[in-house]
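Visitor: In my numbering, the protein residues as written are 1312 to 2116.
Just so you know, even glycine gets a beta-carbon here, dropped at the ideal spot from N, CA and C.
This structure is a prediction, so every number in the text was calculated from the model and none was measured.
Structure in structure tokens, see below.
So, in structure tokens, the structure goes:
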């Protein structure tokens, strides 16, 4: 069974060397505010000035600071995220001194400022300010520079043995603490949290950089998986393997494991859950040993009847005792191998700890547009992406961001999975993000409109798109993306307050955003602009003395561009085999490929008004264009809707090197409207990150269940080829120009009649065609995900053929 999906550095002493908005020696988190009684407020123009203020703070030991650029507010704080509660707050950035975040020592650890509070024999430390059971020689009063805070291990006397503490044991006055060295390259457990710098594998191969696709293409994109810390070419464990690994620079060896020893220090503690499971159940330590179908679990240390590597030795720290249900590899819930020779493994039905649906439970959203009303507190859709394109963190998860907005604390807020919600009545739905550097953001959602403007059909040969790009300023009164290039005339805020001129210093004084500081951002008048590329869009300082600045209501310029939808889809996480009916015309690029008698047998995707992409194996019955027809603009397979468009074919172009992909040229271009629209193509050689939620649509086989004759859809994650090619999956059958998507337990897949159809993935506001349904071992079988032609490997071939005509 395998996971589907889903550095310690020397601290620089310079505190005012700034690169962009980064400050040396500090870790930055966007959208975070820290609660602390020890803090001071200052007015500062830049983040570097605020950092300098923190380093010179005399009222307390400054461990972090908060800088609010638009307000030019600087708060120095005597605490950090390890000791105090973090809150979310718009347009703030928390900078924490890295030295206070390290949980390792350099040298003898005289500068250690971590939070370890147990000795090497496991005794709890006594508070440095306390006098019971031991009267200390070293106290916060007589050693103010030693940071003798709470009961944390410290080294105030430069002891050669490293950090120590007085103990709470009356018979033991003091002991050293077991704090690992920063230069010690070792792993705890299976190395999921390894941040070291080993970059040579156990067989001597040099690791390939994670942000490189050469010599090996892969789906572990550092920018899309920030929580995996895929830095440089260092060994990491992003997919639940027994230990860290990397892709290699040897073209003949795709990947290899890294030989990194286990740490001698104590591993991270796990608070065991004995009767129920939170989230994915990684902390479940109960004694349930029966699967959801009633099969007895096989012992984790046994290799009969099923051989496996999920052993207590390979997966320490995961509680693999006896035959109890566990989740050692971040599956969607606890599971076990079974004692039934015919059933390798199954999930266990461990009760939830009151947190509603587990992060990956199937959910069919309500029949509503994916938009929100009012402030969005009633929003119950399934958007899980922020305005800047970041993935949302599950509400029940505490990594990468610890928080109090849990399903237990907000039982009426429907905090399921990682769906955008508004539990605290903010101005719009939001979520915590999976990016450790960005605590939270508002979601990529718009307000619902009662009378949406549906564009009328057009016979244009190209989709209607804005004539500008993200790089070209537009004077139209709409924004593209975040509105960084907006140059329109709107000069009042979302509440109707007139904007203050950018060059004015009254009623609000400011120095951060003026025509002089940002000469290329058109800050001449008082029109709304976005000089700092705020993800929430254009804004301005206001003429209201009680409101320094606010956002402006600028609509998006997006019209009928590729990959957009006038009729918003369900985005159903249910099964396509079994039938999850799509909302009519919500996937307007889906076509039906038919024989000369008009019988549907394959799918396809409109990529240009005159071109369709499908699978080459769909054309095996005849090489003649006249043997096929394409039907567009339909929801029902019988195709009697008034929106139906029929097209005969002019040309068939089979894919290069016998790849399972083909182009179909229509005799007459399709009419582009709200029910017929091309999909966007991916960038050349783009690899969809592992775990990305994508969607398949089609009129294919439903195995006798409901939904025959209606367009169906299913959402499931992309599986990295490294995982998909494991023996328990597809055993090295998947090639580089192909990709996998599906779920480990089966039940969600494309099937006969879906061949040639689209696998699309969301990118900001649009969908992109990433795969063409190709093959699989059966339909929706466990451990046998679907395989798709990887479209990004054929973009040059597609463009060459379209342009040649």
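Could you compute how far the alpha carbon of residue 2110 sits from the alpha carbon of residue 1974?
Guide: Their backbone Cα atoms lie some 11 Å apart in a straight line.
Visitor: Would you report the Cα separation of residue 2057 and residue 1551, rounded to the nearest angstrom?
Guide: Low local confidence applies: a pLDDT of 44 at residue 2057 is under 50, so the model's placement there is unreliable, with the coordinate-based value given in what follows. Whole-angstrom Cα-Cα distance: 20 Å.
Visitor: Nearest-angstrom Cα distance between residue 1447 and residue 1488?
Guide: So the alpha carbons of these two residues sit roughly 17 Å apart.
Visitor: Measuring only the C-alpha atoms, how far is residue 1660 from residue 1898?
Guide: Each residue's alpha carbon lies about 35 Å from the other.
Visitor: Can you tell me whether residue 1433 is buried or exposed, with buried defined as 16 or more other CB within 10 angstroms of its CB?
Guide: By the neighbour-count rule (16 or more Cβ atoms within 10 Å), residue 1433 is not buried but exposed.
Visitor: Rank 1905, 1475, 1662 and 1553 by C-alpha distance to the C-alpha of residue 1958 and give the top, closest one.
Guide: Out of 1905, 1475, 1662 and 1553, 1905 has the C-alpha closest to the C-alpha of residue 1958.
Visitor: Apart from the five residues just before and just after residue 2086, which ones in its own chain have a Cβ nearer than 6 Å to its Cβ?
Guide: Same-chain partners within the cutoff: 2098.
Visitor: So, are the CB atoms of residue 2001 and residue 1530 less than 7 Å apart?
Guide: Yes; because the gap between Cβ atoms is below 7 Å, this pair is in contact.
Visitor: For residue 1664 and residue 1587, which I take to be in contact (beta-carbon distance under 8 Å), what is that distance rounded to the nearest angstrom?
Guide: Residue 1664 to residue 1587, Cβ: 4 Å. Contact.
Visitor: Just to confirm, are residue 1474 and residue 1449 a CB contact at a threshold of 7 Å?
Guide: It is not a contact, given that the beta carbons lie outside the stated cut-off.
Visitor: Quick check: the Cα distance between residue 1820 and residue 1394, rounded to an integer number of angstroms?
Guide: Rounded to whole angstroms, residue 1820 to residue 1394 spans 35 Å at the Cα level.
Visitor: Check whether the region 1697-1707 touches the region 1840-1851, counting contact only when three or more Cβ pairs, one atom from each stretch, lie closer than 8 Å.
Guide: With the cut-off at 8 Å, the region 1697-1707 and the region 1840-1851 touch.
Visitor: Check whether the Cβ atoms of residue 1437 and residue 1477 lie closer than 7 Å to each other.
Guide: Result yes, Cβ atoms of residue 1437 and residue 1477 sit closer than 7 Å.
Visitor: Determine the closest residue to residue 1937 out of 1914, 1454, 1961 and 1716, with distance taken between C-alpha atoms.
Guide: Ranking the options by Cα distance to residue 1937, first place goes to 1961.
Visitor: Look at residue 1430 and residue 1486 and say whether their C-beta atoms are less than 7 Å apart.
Guide: Yes, they are a contact pair.
Visitor: Using three-state DSSP, classify residue 1457 as helix, strand or coil.
Guide: Residue 1457 falls in the helix class under three-state DSSP.
Visitor: Closest to residue 1728 by C-alpha separation, out of 1685, 1652, 1591 and 1662, would be which residue?
Guide: That would be 1591, whose Cα lies nearest to the Cα of residue 1728.
Visitor: Should residue 1469 be labelled buried (16 or more other beta-carbon atoms within 10 Å of its own) or exposed?
Guide: The residue is exposed, with fewer than 16 neighbouring Cβ atoms inside 10 Å.
Visitor: Distance check for residue 1641 and residue 1622, CA to CA, integer angstroms please.
Guide: Roughly 15 Å separates the two Cα atoms.
Visitor: Of all Cβ atoms in chain B, is any one closer than 7 Å to the Cβ of residue 1512?
Guide: The structure shown contains no chain B; it is built from a single protein chain.
Visitor: Whole-angstrom Cβ separation of residue 1744 and residue 1703, contact assumed at under 8 Å?
Guide: Right, their Cβ atoms sit about 6 Å apart.
Visitor: Looking at the secondary structure, which residues open and close the beta strand (DSSP E) in which residue 2007 lies?
Guide: Start and end: 2004-2009.
Visitor: Measuring CB to CB, does residue 1373 end up less than 7 Å from residue 1385?
Guide: No; because the gap between Cβ atoms is not below 7 Å, this pair is not in contact.
Visitor: Which one or two residues does DSSP pair with residue 1302 in a beta bridge?
Guide: No statement about residue 1302 is possible, as the shown extent of the chain runs from 1312 to 2116 and does not include it.
Visitor: Would the beta-carbon of residue 2028 fall within 7 Å of that of residue 1916?
Guide: Contact: no.
Visitor: Where does residue 2174 sit, in a helix, a strand or coil, going by DSSP?
Guide: Residue 2174 falls outside the range modelled here, since the chain spans only 1312 to 2116, and no answer is possible.
Visitor: Report the residue from 1863, 1634 and 1822 whose alpha carbon sits nearest the alpha carbon of residue 1841.
Guide: Ranking 1863, 1634 and 1822 by Cα distance to residue 1841 puts 1863 first.
Visitor: Does residue 2069 come out as helix, strand or coil in the three-state DSSP assignment?
Guide: In this structure, residue 2069 counts as strand in the three-state DSSP scheme.
Visitor: Find out if the Cβ-Cβ distance for the pair residue 1799, residue 1733 is shorter than 7 Å.
Guide: It is not a contact, given that the beta carbons lie outside the stated cut-off.
Visitor: When you compare the CB positions of residue 1273 and residue 1990, do they come within less than 7 Å of one another, or not?
Guide: In the structure displayed, the chain extends from 1312 to 2116; residue 1273 sits before or after that span and is not available.
Visitor: Between residue 1406 and residue 1391, is the Cβ-Cβ spacing less than 7 Å?
Guide: Their beta carbons are not under 7 Å apart, which means residue 1406 does not touch residue 1391 by this criterion.
Visitor: Return the chain-ordered list of same chain residues with a C-beta closer than 6 Å to the C-beta of residue 2134, the five sequence neighbours on each side being excluded.
Guide: This structure cannot settle anything about residue 2134, because the visible part of the chain is limited to 1312 through 2116.
Visitor: Output the distance between the C-alpha atoms of residue 1900 and residue 2116, rounded to the nearest integer angstrom.
Guide: Roughly 21 Å separates the two Cα atoms.
Visitor: Give the DSSP-derived three-state secondary structure of residue 2016 in the structure shown.
Guide: Summary for residue 2016: the model assigns pLDDT 43, below 50, so the residue's position carries little reliability; its value from the coordinates is reported in the next sentence. Three-state result, residue 2016: coil.
Visitor: Could you check whether the region 1506-1524 touches the region 1535-1553, counting it as contact only if at least three pairs of C-beta atoms, one from each stretch, sit closer than 8 Å?
Guide: They touch, by the three-pair rule.
Visitor: State the start and end residues of the unbroken alpha helix (DSSP H) segment that holds residue 1793.
Guide: First-last for residue 1793: undefined, no H or E at that position.
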